[in-house]
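Worksheet: the structure to be examined is printed underneath.
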Ligand code: SF4
Ligand code: SF4
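Right under this line is the structure:
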């Protein structure tokens with residue numbers, strides 16, 4: 630079984646499925662090649678542009694629910710001195726189906742759901758989640774940088790998916806229904822697709838070797854807020870934020886007013902803890918004054934603070950940060966070094 634085979638099995642119904650969904654007024658989002666070798670999730674009008682034989686999309690799925698930038702409100706100074714404020718309309722209620730997402734990107738929404746429904750219900754995020762049905766395709770050829778199994782995931786994970794598509798023994802693409810939304814999706818497509826019969830076993834997932842034990846990482850992190858290791862790993866980090874922006878679980882944002890003397894917009898933009906300005910106070914004081922404290926924050930947040938607050942690791946092992954860092958900062962190397970330290974082994978130099 631390979632990706633191409635699953636893709637071929639799915640192509641049999643993909644075109645008709647897109648036609649049926651669009652005929653019912655549903656917006657369909659699927660992976661398309663936007664540049665040579667670059668695949669992104671994008672709204673489609675026909676199934677012809679869809680590619681399913683890809684390792685993962687470049688930009689994470691989260692941007693469909695938590696956009697890179699969005700207008701929250703607009704304001705306008707009136708001649709009488711008043712300011713007119715117009716809230717941006719909330720998200721339209723159009724149904725959306727994401728077809729062909731990867732299981733890790735979908736599983737990452739579990740972490741975002743916890744954050745955006747924590748002390749405040751983020752209505753824009755919730756509305757986007759509510760209207761969207763997520764159809765994941767099982768991974769059959771994980772990228773060498775993937776490490777989902779080290780953080781509790783799997784190439785066949787169904788976490789947060791409404792349907793998981795996988796290749797059955799008979800060479801047909803089968804659909805495992807994982808939620809009510811998933812059942813509705815299958816109903817909409819009628820005889821076109823084949824739900825997996827009750828009790829169907831998923832095929833054996835392709836091997837993604839576990840690279841570290843997150844429990845051991847956390848034990849070390851609990852004791853080592855102060856450690857020269859943070860300086861060591863920070864020396865080559867440029868603080869560019871690429872790792873966070875591509876991360877499907879990172880969720881920090883900034884609210885800024887972009888205005889002229891007359892009118893403007895209040896926007897929510899992605900932000901990132903690697904940036905020096907991220908924690909800088911208006912007084913000029915910065916509680917994370919150097920890159921060492923910022924690199925420490927990124928690791929601590931994902932593997933210590935988030936598990937303590939929300940009971941799960943804020944990393945799904947997609948490997949994007951490892952693939953994309955222009956100076957070769959490697960989260961897996963950092964974590965395996967920490968594990969070595971936790972076991973009382975010799976210190977390792979940060980790669
Ligand atoms: S680790 Fe790499 S991608 Fe992340 S901020 Fe540093 S230089 Fe940029
Ligand atoms: S920390 Fe890196 S590997 Fe983990 S989910 Fe984020 S981008 Fe993926």
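In the numbering used here, the protein residues as written are 630 to 980. Each residue gets a CB set at the ideal place from its N, CA and C atoms; glycine is no exception.
So what's residue 932 in DSSP terms, helix, strand or just coil?
helix
Is residue 825 close to ligand 1? I mean its beta-carbon at under 8 Å from any heavy atom of the ligand.
no
Helix, strand or coil for residue 965 per DSSP?
helix
Is the beta carbon of residue 743 less than 9 Å from the beta carbon of residue 891?
no
So the candidates are 770, 813 and 877; which of them puts its Cα closest to the Cα of residue 834?
770
Let me check one thing: in DSSP terms, what residues is residue 692 bridge-paired to?
Its beta-bridge partners do not exist; DSSP assigns none.
With distances taken from each beta carbon to the nearest heavy atom of ligand 1, which residues come in below 6 Å, in chain order?
866, 867, 868, 869, 870, 871, 872, 903, 954, 956 and 958
What does the Cβ neighbour count give for residue 955, buried or exposed, with the cut at 16 atoms within 10 Å?
exposed
Which residue wins for smallest C-alpha separation from residue 859, given the options 884, 832 and 919?
919
How many angstroms separate the CA atom of residue 817 from the CA atom of residue 635?
22 Å
Comparing C-alpha positions only, which one of 763, 784, 766 and 764 sits nearest to residue 772?
784
Unbroken beta strand (DSSP E) runs of length 3 or more, entirely within the stretch 789-829: which are they?
Complete beta strand (DSSP E) runs here, min 3: 792-796 and 802-806.
Mind checking which residues open and close the beta strand (DSSP E) that includes residue 697?
Premise fails: residue 697 is in no beta strand (DSSP E) and is neither H nor E.
Would you check whether ligand 2 has a heavy atom nearer than 8 Å to the C-beta of residue 878?
The answer is yes for residue 878.
Buried or exposed, going by whether 16 or more other CB atoms sit within 10 Å of the CB of residue 889?
The residue in question, residue 889, is exposed, as its Cβ has fewer than 16 Cβ neighbours within 10 Å.
Any heavy atom of ligand 2 closer than 8 Å to the beta-carbon of residue 944?
yes
Alpha carbon to alpha carbon, how far is residue 741 from residue 712?
In a straight line, the C-alpha of residue 741 is about 34 Å away from that of residue 712.
I'd like the list of long-range same chain contacts for residue 933, defined as Cβ closer than 6 Å, with 5 residues on each side in sequence excluded.
847 and 850
Assuming residue 814 and residue 803 are in contact, meaning their beta carbons sit under 8 Å apart, how far apart are those beta carbons, in whole angstroms?
At roughly 14 Å, the Cβ-Cβ gap does not stay under 8 Å, so residue 814 and residue 803 are not in contact.
Measure from the alpha carbon of residue 739 to the alpha carbon of each residue in 869, 959, 951 and 939, then state which is nearest.
939
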